[in-house]
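Worksheet for the structure shown next.
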């Protein structure tokens with residue numbers, strides 16, 4: 003009987019110890035949310051965020067977690083598929099912020115859902131890292147002020163005039179020596195949606211700033227047969243056709259353009275050299291591509307290759323925008339550093355201030371990442387050209403962003 | 091000599107003829123809700139009121155809000171399609187008119203939700219009436235194509251509307267101003283506001299269906315030339331039902347705008363409109379709870395079941411085929427007839443047992 007009592011006592015003590023251990027572990031858990039389109043029409047962009055977040059969280063946890071004050075926190079990820087649907091995005095944000103209580107959210111990349119999501123993350127003081135350009139159009143001195151509705155939101159892709167400036171410069175620098183005559187006439191073909199309108203407005207100004215005469219041609223976002231539009235563009239006799247911005251649409255339109263020889267040179271936005279090679283795409287003329295910050299499939303670089311080996315090794319799909327995953331990977335470490343410097347996890351204002359002060363040398367990016375006072379990041383763009391009639395012979399250049407917006411571009 | 095005159099004098103004529111005089115004139119020919127239907131209504135309403143108290147979490151509460159404002163717009167479509175028999179695949183566009191009216195009024199004139207609400211509903215009603223004008227000349231699939239084009243045109247206009255419409259990026263609005271200290275930025279309160287609007291929508295739909303006007307619409311649906319022949323101004327009533335339907339869509343649209351607090355043209359394109367048409371067909375256009383059930387099926391169930399959007403679309407396609415073939419009254423109509431059949435069988439069995 004005594005033995006039985008002792009057994010029960012020991013079992014209870016064990017249970018108590020286990021419960022205490024669990025409570026301690028829960029205390030040291032840092033909850034981070036990811037809202038990404040893992041299904042639906044924006045899946046190419048969404049997959050990169052989720053895959054990079056898993057990889058970064060695993061690396062941080064394997065290295066012992068984040069030391070904040072006298073505690074060490076392990077990251078617990080809560081990934082939600084927004085199904086490229088605004089109602090599901092809002093529901094996911096509500097759940098992550100109010101039910102789970104995450105400290106930060108990565109995403110969403112999808113259209114202007116990020117703005118609607120910021121209406122939930124802002125009042126709850128949850129940091130939001132979104133690459134979506136529509137968010138960039140709303141970030142300004144007033145909205146990011148301490149009492150502004152975007153104080154806790156960060157745009158994780160550079161200001162569009164910067165990216166457009168470095169991209170346009172890189173494209174022209176690479177193509178000019180390969181063409182018989184200096185290119186002077188560009189046609190920008192862009193999907194007519196929120197992101198397309200925003201991106202093309204800056205890119206056209208950047209090209210004009212570099213001396214190009216530019217015609218802007220818009221297509222409905224769901225277009226699959228580009229031949230009528232491309233035939234019209236061919237009639238404009240362009241030197242370069244620039245395909246913006248949706249990688250999936252570009253991959254549909256580009257082979258059709260090459261089929262009817264629309265232009266003597268092309269630029270494909272949203273298409274990594276890796277996907278160009280993988281799909282065995284070829285063209286009889288030089289084709290350029292750009293990536294932020296580094297190209298997957300570009301010239302070999304050990305740190306980038308190592309990253310992509312891990313990235314694809316973790317099961318990430320080889321989509322047209324895989325290079326963007328690098329950014330989200332780096333931002334995890336940047337956030338972790340800001341959190342560690344803040345000394346506590348429940349002070350989002352301190353984390354915001356630290357992020358704004360920080361110049362972070364990314365794990366893979368050769369240029370330090372910094373956020374400006376409007377919570378927008380700055381970094382260089384890599385532009386590559388593939389030799390005609392090959393799928394894998396790339397020459398690349400890294401272009402720094404211009405110091406100021408070109409004439410006629412209000413910035414943003 | 092007619093057949094009537096040849097009837098045997100031993101058979102009383104009244105035995106074979108119904109007695110419409112037993113009902114008030116305005117109710118003739120329209121079935122009154124049964125006790126079971128009343129009970130069902132009260133049960134559904136009680137369930138919806140109780141939903142937040144079961145701690146569903148913010149995710150499902152948020153989805154419930156989306157489901158409800160969609161259902162409100164669907165009640166308009168149910169009157170137009172279910173009662174007057176005119177299908178439209180441009181209903182999301184009319185929602186957009188309501189949403190954009192509110193957003194533009196907020197951005198240009200600083201008007202809040204409560205001030206914009208009647209104007210948004212009115213403009214949506216006007217827009218729906220204008221879109222309905224071609225239905226006086228064309229019908230069926232031809233009119234459906236016109237409504238589809240309306241949606242596409244609206245999106246083009248909004249996308250290229252510059253700063254006035256916010257172009258493709260869209261417009262932002264603030265939260266709904268509080269009333270009696272109730273803050274609608276709180277999700278529970280927003281849910282109850284939408285639920286109140288839904289209850290009013292259901293009540294108005296019920297009142298219209300059971301009014302002489304509902305009966306007129308019913309006659310237009312069943313046989314428009316005959317309705318015209320007996321002196322009904324079918325054109326006027328058709329435009330009238332479009333306007334009423336538009337007001338419902340405007341209410342749904344403004345609630346959506348103030349729930350998301352950001353709107354963009356993509357919300358009101360042809361594809362969202364097709365989804366609304368799908369919801370009304372799945373749920374059932376004529377039964378009172380059809381629109382609500384349709385909205386639940388499309389907005390709520392895929393999330394509950396973790397269905398991928400592609401799988402969902404396949405399921406909707408298969409579901410729509412099954413509904414058309416097996417349940418012409420939609421899922422709600424099917425459930426209702428199943429219940430009635432069950433009740434009838436039960437009564438028959440009870441009667442049989444009583445007799446034995």
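Protein chains in written order, with the numbering used here: chain Z, 3 to 414; chain G, 91 to 446. Note that beta-carbon positions come from the ideal geometry of N, C-alpha and C, so glycine has one too. This one's a predicted model, so the numbers in the text were calculated from it and none came from an experiment.
- Counting the other Cβ atoms within 10 Å of the Cβ of residue 382 of chain G gives 16 or more, which makes it buried.
- Here the region 259-268 of chain G makes contact with the region 341-355 of chain G; the two share three or more CB pairs at distances below 8 Å.
- When 7 Å is used as the limit between beta carbons, residue 92 of chain Z is near these residues of chain G: 152, 350, in chain order.
- Residue 297 of chain Z is classed as buried because its beta carbon has at least 16 other beta carbons within 10 Å across all chains shown.
- Using beta-carbon distances, residue 97 of chain Z counts as an interface residue toward chain G, with a partner under 8 Å.
- Against chain G, a Cβ distance below 9 Å from residue 42 of chain Z picks out 398, 399, 400.
- Taking a C-beta distance under 8 Å as the contact criterion, residue 380 of chain Z and residue 230 of chain Z do not qualify as a contact pair.
- The beta carbons of residue 40 of chain Z and residue 83 of chain Z sit closer together than 8 Å.
- In the three-state DSSP reduction, residue 262 of chain Z falls in the coil class, being neither helix nor strand.
- Relative to residue 280 of chain Z, the option among Z:341, Z:393, Z:60 whose CA is nearest is Z:393.
- In this structure, residue 176 of chain G sits near residue 328 of chain G, with a CB-CB distance shorter than 8 Å.
- Distances from the CA of residue 86 of chain Z to each of G:400, G:438, G:202 were compared; the closest alpha carbon is that of G:400.
- Nearest to residue 318 of chain G by alpha-carbon distance, out of G:226, G:189, G:356, G:128, is G:226.
- Chain Z has no Cβ within less than 8 Å of the Cβ of residue 167 of chain G.
- Spatial neighbours of residue 237 of chain G in its own chain (CB-CB distance under 7 Å, excluding positions within 5 residues in sequence) are listed in chain order as 178, 179, 180, 221.
- Counting the other Cβ atoms within 10 Å of the Cβ of residue 284 of chain G gives 16 or more, which makes it buried.
- The Cβ of residue 89 of chain Z sits closer than 8 Å to at least one Cβ of chain G.
- The region 331-348 of chain G and the region 386-397 of chain G do not touch, with fewer than three beta-carbon pairs separated by less than 8 Å.
- At a cut-off of 8 Å between C-beta atoms, residue 389 of chain G counts as an interface residue with respect to chain Z.
- Here residue 233 of chain Z is near residue 262 of chain Z, since their CB atoms are less than 8 Å apart.
- In terms of CA proximity to residue 386 of chain Z, Z:294 leads the group Z:294, Z:407, Z:227, Z:316.
- The C-beta of residue 148 of chain G comes closer than 8 Å to at least one C-beta of chain Z.
- Within the same chain, 154 come within 8 Å of residue 146 of chain G by CB-CB distance, once the 5 residues on both sides are set aside.
- Segment contact: the region 234-248 of chain Z against the region 183-198 of chain Z, three or more CB-CB distances shorter than 8 Å; contact assigned.
- Using a CB distance below 8 Å, the part of the region 245-260 of chain G facing chain Z consists of 249, 257, 258, 259, 260, ordered along the chain.
- Separation of the CB atoms of residue 333 of chain G and residue 215 of chain G is rounded to 4 Å, and the pair is thereby assigned contact status at 8 Å.
- In the three-state reduction of the DSSP assignment, residue 266 of chain G falls in the coil class.
- A direct Cα-to-Cα measurement between residue 325 of chain G and residue 307 of chain G gives close to 11 Å.
- Check the Cα spacing between residue 114 of chain Z and each of Z:101, Z:92, Z:100, Z:282: the tightest is with Z:92.
- Runs of the beta strand (DSSP E) lying entirely within the region 89-166 of chain Z, each at least 3 residues long, are 106-109, 129-132, 155-157 in chain order.
- Within chain Z, the residues whose beta carbon sits less than 8 Å from that of residue 156 of chain G are 89, 92, 93, listed in sequence order.
- The Cβ atoms of residue 155 of chain Z and residue 377 of chain Z lie closer than 8 Å to each other.
- In this structure residue 398 of chain Z is buried. Its beta-carbon is surrounded by 16 or more other beta-carbon atoms within 10 angstroms.
- Considering only beta carbons, the part of the region 275-306 of chain G lying closer than 9 Å to chain Z consists of 275, 277, in chain order.
- Proximity of chain Z to residue 385 of chain G at the Cβ level (cut-off 9 Å) is not reached, the minimal Cβ distance being about 11 Å.
- When the alpha-carbon of residue 57 of chain Z is set against those of Z:362, Z:139, Z:313, the nearest one is in Z:313.
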